[in-house]
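The structure appears right after this line, and notes come after that.
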Amino acid sequence: MSHRNPTPTVDIIIEVEGGVVLVERRNPPHGWALPGGFVEVGERVEEAAVREAREETGLDVTLRALLHVYSRPDRDPRGHTLSVTFVGTAVGTPVGGDDAKTARVFLLDALPPLAFDHEEILEDYRRFLQNGLRPLE
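Just remember that our numbering sits 53 ahead of the position in the sequence shown, which is counted from 1.
So this is what it looks like as C-alpha coordinates:
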(Lines of atoms letter the chains of each structure in order from A and count residues from 1; the text may use other names and numbers.)
(Lines give C-alpha, C1' and ligand atoms only; values in the text may rest on other atoms or scores of the structure.)
Protein backbone atom coordinates (compact mmCIF):
# COMPACT_ATOMS: atom_id res chain seq x y z
CA MET A 1 0.00 0.00 0.00
CA SER A 2 1.40 3.39 -0.99
CA HIS A 3 0.46 6.57 0.90
CA ARG A 4 0.92 10.15 -0.22
CA ASN A 5 0.77 12.18 2.94
CA PRO A 6 1.94 15.66 3.89
CA THR A 7 5.49 15.73 5.22
CA PRO A 8 5.86 16.74 8.89
CA THR A 9 8.05 19.76 9.59
CA VAL A 10 8.70 22.16 12.45
CA ASP A 11 9.20 25.91 12.58
CA ILE A 12 10.49 27.80 15.60
CA ILE A 13 9.90 31.40 16.55
CA ILE A 14 13.03 32.03 18.62
CA GLU A 15 12.76 35.04 20.91
CA VAL A 16 16.13 36.73 21.45
CA GLU A 17 17.01 40.27 22.56
CA GLY A 18 13.54 41.70 21.99
CA GLY A 19 13.28 40.28 18.47
CA VAL A 20 12.95 37.01 16.62
CA VAL A 21 15.59 34.97 14.80
CA LEU A 22 15.27 34.51 11.07
CA VAL A 23 17.58 32.57 8.76
CA GLU A 24 18.52 33.35 5.19
CA ARG A 25 17.99 30.09 3.33
CA ARG A 26 20.93 28.53 1.49
CA ASN A 27 18.69 26.25 -0.61
CA PRO A 28 15.55 26.90 -2.66
CA PRO A 29 13.20 28.43 -1.97
CA HIS A 30 15.59 31.25 -1.12
CA GLY A 31 14.80 34.14 1.19
CA TRP A 32 14.37 34.75 4.90
CA ALA A 33 12.45 32.25 7.01
CA LEU A 34 11.88 30.99 10.50
CA PRO A 35 14.38 28.33 11.53
CA GLY A 36 12.95 24.88 10.98
CA GLY A 37 12.97 21.76 8.90
CA PHE A 38 11.87 18.20 8.47
CA VAL A 39 11.10 15.84 11.34
CA GLU A 40 13.31 12.75 11.21
CA VAL A 41 12.00 9.20 11.60
CA GLY A 42 11.81 8.26 15.29
CA GLU A 43 12.00 11.91 16.42
CA ARG A 44 9.40 13.80 18.44
CA VAL A 45 8.43 17.19 17.00
CA GLU A 46 9.76 18.93 20.13
CA GLU A 47 13.15 17.28 19.61
CA ALA A 48 13.12 18.23 15.93
CA ALA A 49 12.44 21.87 16.80
CA VAL A 50 15.33 22.08 19.26
CA ARG A 51 17.65 20.23 16.84
CA GLU A 52 16.74 22.38 13.84
CA ALA A 53 17.17 25.57 15.88
CA ARG A 54 20.65 24.47 16.98
CA GLU A 55 21.67 23.35 13.48
CA GLU A 56 20.49 26.52 11.73
CA THR A 57 21.27 29.18 14.35
CA GLY A 58 23.76 27.69 16.82
CA LEU A 59 21.34 28.56 19.64
CA ASP A 60 20.11 26.26 22.38
CA VAL A 61 16.37 26.90 22.49
CA THR A 62 13.95 26.32 25.32
CA LEU A 63 10.48 25.72 23.93
CA ARG A 64 7.78 27.66 25.78
CA ALA A 65 4.61 27.24 23.70
CA LEU A 66 3.03 25.45 20.79
CA LEU A 67 1.65 28.21 18.57
CA HIS A 68 -0.27 26.23 15.94
CA VAL A 69 -0.07 23.56 13.23
CA TYR A 70 0.00 25.05 9.72
CA SER A 71 -1.08 22.69 6.95
CA ARG A 72 -2.32 24.66 3.95
CA PRO A 73 -1.35 22.46 0.95
CA ASP A 74 0.36 25.34 -0.88
CA ARG A 75 2.39 26.61 2.10
CA ASP A 76 5.64 25.13 0.71
CA PRO A 77 6.36 25.24 -3.05
CA ARG A 78 8.33 21.98 -2.76
CA GLY A 79 5.27 19.97 -1.76
CA HIS A 80 2.55 19.56 0.86
CA THR A 81 4.00 19.92 4.35
CA LEU A 82 2.50 20.53 7.73
CA SER A 83 4.42 22.59 10.23
CA VAL A 84 4.17 22.19 13.98
CA THR A 85 5.20 25.70 15.02
CA PHE A 86 6.72 26.44 18.41
CA VAL A 87 7.69 29.56 20.31
CA GLY A 88 10.98 29.31 22.17
CA THR A 89 13.59 31.44 23.87
CA ALA A 90 17.35 31.55 23.59
CA VAL A 91 20.28 33.65 24.75
CA GLY A 92 23.18 34.58 22.51
CA THR A 93 23.95 35.64 18.99
CA PRO A 94 22.58 33.45 16.19
CA VAL A 95 25.03 32.19 13.57
CA GLY A 96 23.88 30.62 10.31
CA GLY A 97 24.66 26.93 9.96
CA ASP A 98 23.53 23.79 8.12
CA ASP A 99 21.20 25.00 5.33
CA ALA A 100 21.05 28.57 6.68
CA LYS A 101 23.42 31.05 4.99
CA THR A 102 23.04 33.54 7.81
CA ALA A 103 20.95 34.03 10.93
CA ARG A 104 19.91 37.38 12.40
CA VAL A 105 17.61 38.88 15.00
CA PHE A 106 14.84 41.08 13.58
CA LEU A 107 12.36 43.31 15.35
CA LEU A 108 8.76 42.34 14.58
CA ASP A 109 8.12 45.75 13.02
CA ALA A 110 11.18 45.50 10.74
CA LEU A 111 10.93 42.08 9.07
CA PRO A 112 12.33 41.33 5.61
CA PRO A 113 10.14 39.62 2.97
CA LEU A 114 9.56 36.05 4.17
CA ALA A 115 9.46 32.65 2.48
CA PHE A 116 6.67 30.08 2.80
CA ASP A 117 3.74 31.18 4.98
CA HIS A 118 6.02 32.66 7.63
CA GLU A 119 4.46 36.13 7.39
CA GLU A 120 1.12 34.56 8.39
CA ILE A 121 2.80 32.64 11.21
CA LEU A 122 4.42 35.79 12.58
CA GLU A 123 1.09 37.66 12.39
CA ASP A 124 -0.43 34.87 14.50
CA TYR A 125 2.55 35.18 16.87
CA ARG A 126 1.91 38.95 17.24
CA ARG A 127 -1.69 38.21 18.25
CA PHE A 128 -0.45 35.51 20.64
CA LEU A 129 1.84 38.07 22.32
CA GLN A 130 -0.98 40.63 22.56
CA ASN A 131 -3.77 38.47 23.95
CA GLY A 132 -2.40 34.98 24.62
CA LEU A 133 -4.70 33.44 22.01
CA ARG A 134 -3.53 30.99 19.37
CA PRO A 135 -5.18 30.55 15.96
CA LEU A 136 -8.62 28.90 16.26
CA GLU A 137 -9.10 30.16 19.84
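All C-beta atoms, glycine included, are put in the ideal place defined by N, C-alpha and C.
- With respect to residue 76, residue 153 sits close: the two C-beta atoms are nearer than 8 Å.
- The continuous alpha helix (DSSP H) containing residue 177 extends over residues 171-184.
- Two segments are said to touch when three or more pairs of C-beta atoms, one from each, lie closer than 8 Å; by this definition the region 108-117 does not touch the region 158-176.
- Taking C-beta atoms under 8 Å as the contact rule, residue 90 and residue 159 fail to qualify, at a distance of about 19 Å.
- Per DSSP, reduced to three states, the secondary structure at residue 104 is helical.
- Residue 141 sits buried, since 16 or more C-beta atoms from the chains shown fall within 10 Å of its C-beta.
- Taking the Cα of residue 65 as reference, the smallest distance to any Cα among 80, 119, 58 is reached at 119.
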